[in-house]
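*Asks:*
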Amino acid sequence: MSYPEVYGSWKSDPEAFWLREAGKIDWVRPPTRALNAGAAPLYEWFSDGLVNTCWNAVDRHVEAGRGAQIAIIHDSPVTRLKRGITYSQLRDRVASLAGALRAQGVQKGDRVIIYMPMIPEALEAMLACARLGAIHSVVFGGFAASELAVRIDDCKPKAIIAASCGIEPSRLVRYKPLLDQALTLSDHQPDFCVIFQREEEVAELIPGRDLAWHTFQYGAEPAECVPVEGNHPAYILYTSGTTGAPKGVVRATGGHLVALNWTMKAIYDMNPGEVFWTASDVGWVVGHSYICYAPLIAGCTTVVYEGKPVGTPDAGAFWRVISENKVKAFFTAPTALRAIKREDPEGLLTGDYPMKHLKYCFLAGERADPDTIAWAAKHLKVPVIDHWWQTETGWAIAANPMGLGPLPVKPGSPTVPMPGYDIEVLDEAGQPVPAGTLGAIAVKLPLPPGNLPGLWNGEERFRKSYLSHFPGYYETGDAGYLDGDGYLYIMARTDDVINVAGHRLSTGAMEEVLASHPEVAECAVIGVADALKGQSPLGLLCLNKGSARPHDEILRECVALMRERIGPVADFKRALVVERLPKTRSGKILRSTMVKIADSEPWKMPATIDDPAVLGEIATALRTLGLALSPSQA
């Protein structure tokens with residue numbers, strides 16, 4: 001069926017469409033209905049079914065006679081190791097780990113935090129939790145101790161599974177000291193921690209709390225798959241909120257399985273046995289959906305890559321992985337391609353690696369600029385396909401579905417809505433706007449299977465963050481428009497969450513860190529345009545009156561403080577001391593106006609500004625960093 005036929009089939013009878021897709025998953029007890037709308041707008045999918053994610057991702061492929069197929073390829077240029085794990089081996093390893101966790105008291109509904117680098121053991125830990133019906137929460141490896149502590153206190157894990165270290169091209173990141181520090185900061189304490197010791201760093205274990213990965217599993221009875229209800233949480237994944245407090249996005253088991261299984265064929269055109277590589281991290285939603293779960297659910301081979309787009313060892317790293325591992329579909333962020341392009345602008349290194357199996361390159365995580373798409377398409381000689389989704393949705397809201405027959409490409413657009421997503425562009429009053437008109441992008445409720453049914457410990461926050469502004473809709477927080485052909489264009493965020501190299505980061509959380517410096521009286525963080533990373537954070541600091549310390553010294557301390565509290569992922573390197581910040585008469589800081597000035601974009605004087613002269617002062621300060629137009633250029 002073509003895209004119009006499939007989308008029309010969903011729209012005419014959503015219940016029948018999703019029940020039909022649910023039939024492609026192994027159920028212990030099949031659901032009798034797809035949607036439970038009884039608690040609308042808090043919808044549930046497949047809630048009366050019984051199912052297990054690990055069975056569908058691992059065991060069923062072994063039972064179908066494909067146990068000898070490679071399930072996971074670990075390609076690690078930083079350790080110079082490469083290995084494959086078959087589906088049979090993966091089942092045995094996961095069952096062993098799950099059995100050891102069960103022996104220590106982990107059971108259905110318990111939470112387990114996973115704090116690991118890009119190694120197969122991270123996926124095994126996720127799958128072992130799913131096998132038991134435990135709810136995992138993966139925290140990006142190397143995240144600052146304070147951020148890890150916040151997540152520990154929010155989800156209250158019974159256990160934490162961590163590695164001793166992660167490995168960067170130029171340094172080793174010691175995870176265990178960060179974990180130990182986080183546990184001194186958190187009120188909640190887990191029953192135990194499991195530490196995977198790497199050869200590059202053997203961590204010191206704390207007696208009575210810490211258990212070594214291999215000895216922990218010795219003698220444990222392998223665990224069978226535990227059936228859970230379709231609405232049972234599969235995992236919690238924290239994403240930045242505009243208040244600075246992370247939001248625990250919940251993913252329900254049944255909808256997660258059904259939606260991801262549908263996407264692998266319809267969007268990515270993948271078949272069992274083919275190789276799928278997502279160049280991301282399991283700590284982000286892309287890694288959850290398309291490194292761990294979706295490829296395995298579909299019976300594909302997934303690549304776990306422990307390296308960078310450049311520097312491991314050069315800008316040909318991605319092309320080597322694609323060539324050696326016979327990758328059919330490759331998924332990355334535009335930031336990665338921009339980094340490669342900067343190092344190898346002529347794309348010469350693509351000639352060193354024959355990529356005859358590569359059929360598609362998919363992009364997501366931030367807006368894909370047409371120049372980057374054109375560069376990649378020229379040198380990879382395959383379609384380069386932008387698609388748009390969020391941590392909250394877990395899979396594409398809009399895409400060009402390769403498995404349904406490619407649609408014409410329009411540069412700058414992630415193409416069209418996928419089944420389950422009825423997209424409207426709304427004005428501030430919640431009314432649809434004409435085609436081509438910029439507005440807030442919203443999705444009519446109910447959201448499709450695989451999307452968040454709510455937030456962990458946060459029903460009221462879920463309603464307020466996503467459902468209250470436009471009743472009857474999910475507010476995406478993005479602004480854009482639909483053209484006359486129904487193609488979607490994403491233009492900007494409608495809040496103050498910035499996107500650094502595909503990572504959504506809260507300016508509120510950054511401001512909280514800067515404000516903790518004893519010399520800082522007031523501050524603002526804005527995201528300014530960055531040719532490589534999409535956006536880069538910039539801090540504007542108002543110091544205490546009478547502060548006599550050198551500004552350079554204070555700025556260096558603020559940068560170090562951000563690295564300690566948020567972590568390197570924030571990419572916080574620039575800050576300015578300013579006399580005052582532009583505000584409305586009600587006291588709101590005019591961040592969006594400052595962003596436009598910094599990016600040399602047209603802007604209007606806000607009608608509600610308290611003192612218009614402040615914006616001139618800000619522009620002058622920004623020009624010291626090479627930002628903002630000078631008066632002669634304006």
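Read in order, the letters of the sequence shown correspond to residues 1 to 634 in UniProt numbering.
A virtual CB, placed ideally from N, CA and C, is assigned to each residue, including glycine.
Since we're looking at a predicted model, the values are computed, not measured.
Could you tell me whether the Cβ atoms of Pro309 and Ile340 are closer together than 7 Å?
*Replies:* yes
*Asks:* Below 7 Å between beta carbons: does that hold for Leu172 and Glu201?
*Replies:* Taking a C-beta distance under 7 Å as the contact criterion, Leu172 and Glu201 qualify as a contact pair.
*Asks:* So Leu488 and Ile566 are in contact, right, with Cβ under 8 Å, and what is the actual spacing, rounded?
*Replies:* Actually they are not in contact, since the Cβ atoms of Leu488 and Ile566 sit about 31 Å apart, beyond 8 Å.
*Asks:* DSSP has Thr301 in a bridge; who is on the other side?
*Replies:* Val275
*Asks:* Taking the Cβ atom as the reference point for each residue, do Tyr7 and Pro419 lie within a distance shorter than 7 Å?
*Replies:* yes
*Asks:* Does the region 129-140 come into contact with the region 50-62, if we say contact requires no fewer than three beta-carbon pairs (one atom in each stretch) closer than 8 Å?
*Replies:* yes
*Asks:* Check whether the region 336-353 and the region 509-526 are in contact - that is, three or more C-beta pairs closer than 8 Å.
*Replies:* no
*Asks:* Do Tyr305 and Asp13 have their beta-carbon atoms positioned less than 7 Å apart in this structure?
*Replies:* no
*Asks:* What do you reckon, are the CB atoms on Phe330 and Cys361 nearer than 7 Å?
*Replies:* yes
*Asks:* Can you give the Cα-Cα distance for Ala212 and Ala203, rounded to whole angstroms?
*Replies:* 10 Å
*Asks:* Which residues in the same chain have their Cβ closer than 8 Å to the Cβ of Asp571, if we skip the five residues on either side of it in sequence?
*Replies:* Val500, Ala501, Lys533, Ser536 and Pro537
*Asks:* Comparing alpha-carbon positions, which option in Asp352, Arg111, Thr415 and Ile72 lies nearest Val94?
*Replies:* Ile72
*Asks:* Determine the extent of the alpha helix (DSSP H) in which Ser137 is found, giving its start and end residues.
*Replies:* Careful: Ser137 lies outside any alpha helix (DSSP H), inside the beta strand (DSSP E) at Ile135 to Val138.
*Asks:* Mapping DSSP to helix, strand and coil, what is Tyr466?
*Replies:* helix
*Asks:* Please identify the residue among Lys545, Gly539, Cys558 and Leu380 whose C-alpha is closest to the C-alpha of Val595.
*Replies:* Gly539
*Asks:* With DSSP collapsed to three states, give me the class of Ile340.
*Replies:* helix
*Asks:* Beta carbon of Ala259, beta carbon of Gly450: below 7 Å?
*Replies:* yes
*Asks:* Work out the CA separation of Val416 and Val409 for me, nearest whole Å.
*Replies:* 10 Å
*Asks:* Is His214 buried or exposed, if buried means 16 or more other CB atoms sit within 10 Å of its CB?
*Replies:* exposed
*Asks:* According to DSSP, is Ser536 helix, strand or coil?
*Replies:* strand
*Asks:* When you compare each of Ala619, Leu581, Val577 and Lys24 to Gly299 by their alpha carbons, which one comes out closest?
*Replies:* Lys24
*Asks:* Give the secondary structure of Tyr235 by DSSP, where H, G and I count as helix, E and B as strand, and everything else as coil.
*Replies:* strand
*Asks:* Determine whether the beta carbon atoms of Leu452 and Val249 lie at a separation below 7 Å.
*Replies:* yes
*Asks:* Should Met1 be labelled buried (16 or more other beta-carbon atoms within 10 Å of its own) or exposed?
*Replies:* exposed
*Asks:* Quick one: what's Pro432 bridged to in DSSP?
*Replies:* Leu426
*Asks:* Does DSSP put Phe192 in a helix, a strand or coil?
*Replies:* strand
*Asks:* Pair every Cβ in the region 78-98 with every Cβ in the region 222-232, then say whether three or more of these pairs are closer than 8 Å.
*Replies:* yes
*Asks:* Mind checking Val285: buried by the 16 CB within 10 Å criterion, or exposed?
*Replies:* buried
*Asks:* What residues in its chain sit with their C-beta under 6 Å from that of Gly387, if we drop five residues either side in the sequence?
*Replies:* The sequence given here has His at residue 387, not Gly. The answer, listed in chain order, is Ala364, Ala396, Ala399 and Pro414.
*Asks:* At what residues does the beta strand (DSSP E) containing His74 begin and finish?
*Replies:* Ile70 to Ser76
*Asks:* At the level of alpha carbons, what is the spacing between Leu205 and Thr184?
*Replies:* 15 Å
*Asks:* Which same chain residues end up closer than 8 Å to Arg91 when comparing Cβ atoms and leaving out the 5 residues on each side of it in sequence?
*Replies:* Within the same chain, Arg91 has close Cβ partners Val58, Asp59, Val62 and Gly67.
*Asks:* Are the CB atoms of Ala442 and Phe470 nearer to each other than 7 Å?
*Replies:* yes
*Asks:* Hey, could you find the ends of the alpha helix (DSSP H) Ile373 is sitting in?
*Replies:* Pro370 to Leu380 is the extent of the alpha helix (DSSP H) around Ile373.
*Asks:* Rank Pro4, Ala163 and Thr302 by C-alpha distance to the C-alpha of Glu274 and give the top, closest one.
*Replies:* When each option's Cα is compared against that of Glu274, the closest is Thr302.
*Asks:* Taking the continuous beta strand (DSSP E) assigned at Ile167, which residues delimit it?
*Replies:* Unbroken beta strand (DSSP E) run through Ile167: Cys165 to Ile167.
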